[in-house]
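Everything in the sequence shown is counted per our numbering, starting at 30 for the first residue and increasing by one. All C-beta atoms, glycine included, are put in the ideal place defined by N, C-alpha and C. Just so we're clear, the structure is a prediction, and the values are computed from it rather than from any experiment. Step one of this worksheet: look at the structure below.
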Amino acid sequence: VRLDDLEPFRKFQQVAAHRSACLLNYSDLARDAGVSVDTSRRYLEYLRRSYQTILLQPWHTNQTISLVKSPKLYWIDMGLLRQTGRIGEAVTGELYENYVVSETWKWCKSDTPTTNLYFYRTRHGLEVDLLAERDQRIVGFEIKNRATVTNADASGLRKLAVNLGEKWSGGMVVYAGDKIQRLEKDLWAVPSWRLFSGL
Numbered sequence: 030v031r032l033d034d035l036e037p038f039r040k041f042q043q044v045a046a047h048r049s050a051c052l053l054n055y056s057d058l059a060r061d062a063g064v065s066v067d068t069s070r071r072y073l074e075y076l077r078r079s080y081q082t083i084l085l086q087p088w089h090t091n092q093t094i095s096l097v098k099s100p101k102l103y104w105i106d107m108g109l110l111r112q113t114g115r116i117g118e119a120v121t122g123e124l125y126e127n128y129v130v131s132e133t134w135k136w137c138k139s140d141t142p143t144t145n146l147y148f149y150r151t152r153h154g155l156e157v158d159l160l161a162e163r164d165q166r167i168v169g170f171e172i173k174n175r176a177t178v179t180n181a182d183a184s185g186l187r188k189l190a191v192n193l194g195e196k197w198s199g200g201m202v203v204y205a206g207d208k209i210q211r212l213e214k215d216l217w218a219v220p221s222w223r224l225f226s227g228l
């Protein structure tokens with residue numbers, strides 16, 4: 030890639046770092062970075078092709094017409110995300126979600142490359158942070174930056190299980206606590222440190 034002037038690109042990187050775990054809006058990103066929408070799309074493609082960012086697509090079938098179609102933006106490396114965005118040490122909900130999604134993405138790409146990752150969000154307000162699909166079966170993940178979980182934290186997973194029917198394999202609430210808990214038959218609460226290395 031030929032970038033004659035790196036300053037606009039650096040500013041775009043910084044702005045994009047503050048969009049982690051958010052639905053992507055090219056127009057808003059371009060406005061805040063001071064570049065055109067076409068340049069915004071091109072810069073983001075540079076970030077994706079250089080393995081700095083992931084664009085997580087919404088899960089859908091041809092029969093499902095109410096799903097949001099914009100992707101969500103995540104950074105692959107937490108250190109790069111913090112440095113690029115000049116983000117402090119505090120772990121916000123967006124940073125924690127970025128961590129869980131990026132680590133899951135790296136694990137899938139390394140060990141189970143046939144697994145595809147998505148998020149789920151309808152125009153009617155049903156959201157699930159992360160879906161892992163393999164062999165037409167789906168596992169759902171809710172991500173909570175909290176030390177405790179309740180049954181209510183899995184409400185989106187329960188609704189998704191009904192919507193998916195036979196495709197559903199189970200779900201988990203990934204959280205910042207220390208105990209694995211069974212919430213019900215096919216739903217678990219699992220600390221992120223049991224899945225990945227420390228944040």
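Rounded to whole angstroms, what is the Cα-Cα separation between residue i and residue j?
i: residue 223; j: residue 85; result: 23 Å
i: residue 48; j: residue 102; result: 7 Å
i: residue 143; j: residue 160; result: 14 Å
i: residue 82; j: residue 164; result: 26 Å
i: residue 187; j: residue 122; result: 22 Å
i: residue 135; j: residue 34; result: 31 Å
i: residue 215; j: residue 200; result: 6 Å
i: residue 51; j: residue 100; result: 8 Å
i: residue 38; j: residue 124; result: 22 Å
Using C-beta distances below 6 Å, list every residue in its chain close to residue i, excluding the 5 sequence neighbours before and after it, in chain order.
i: residue 118; result: none
i: residue 106; result: none
i: residue 62; result: 40, 41, 44
i: residue 92; result: The predicted position of residue 92 is uncertain, since its pLDDT is 46 and thus under 50; a value taken from the coordinates is nonetheless stated next. Same-chain partners within the cutoff: there are none.
Shorter than 8 Å, the distance from the beta carbon of residue i to the closest heavy atom of the ligand ZN, or not?
i: residue 129; result: With respect to the ligand ZN, the structure shown offers nothing to examine, as it has no ligands at all.
Who are the near neighbours of residue i in its chain, counting only those whose CB is closer than 7 Å to its CB and skipping five residues on each side?
i: residue 197; result: 167, 190
Apart from the five residues on each side of it in sequence, which residues of its chain come closer than 8 Å, Cβ to Cβ, to residue i?
i: residue 208; result: 218, 220
i: residue 204; result: 172, 173, 174, 175, 176, 177, 178, 182, 218, 219, 220, 221
Tell me, which residues are paired with residue i by DSSP?
i: residue 195; result: For residue 195, which the question treats as bridged, DSSP gives no partner whatsoever.
i: residue 101; result: 52, 85
i: residue 148; result: 87
i: residue 220; result: 204
i: residue 211; result: 217
i: residue 156; result: 150
Kindly indicate which three-state DSSP category residue i falls into: helix, strand or coil?
i: residue 92; result: Because the pLDDT at residue 92 is just 46, under 50, the model does not fix this residue reliably, and the point stays unresolved.
i: residue 169; result: strand
i: residue 161; result: strand
i: residue 118; result: coil
i: residue 182; result: helix
i: residue 75; result: helix
* To do: For the segment 55 to 69 and the segment 123 to 139, state whether three or more C-beta atom pairs, one from each stretch, are separated by less than 8 Å.
  => Taking a contact to require three or more Cβ pairs closer than 8 Å, the segment 55 to 69 and the segment 123 to 139 do not qualify as touching.
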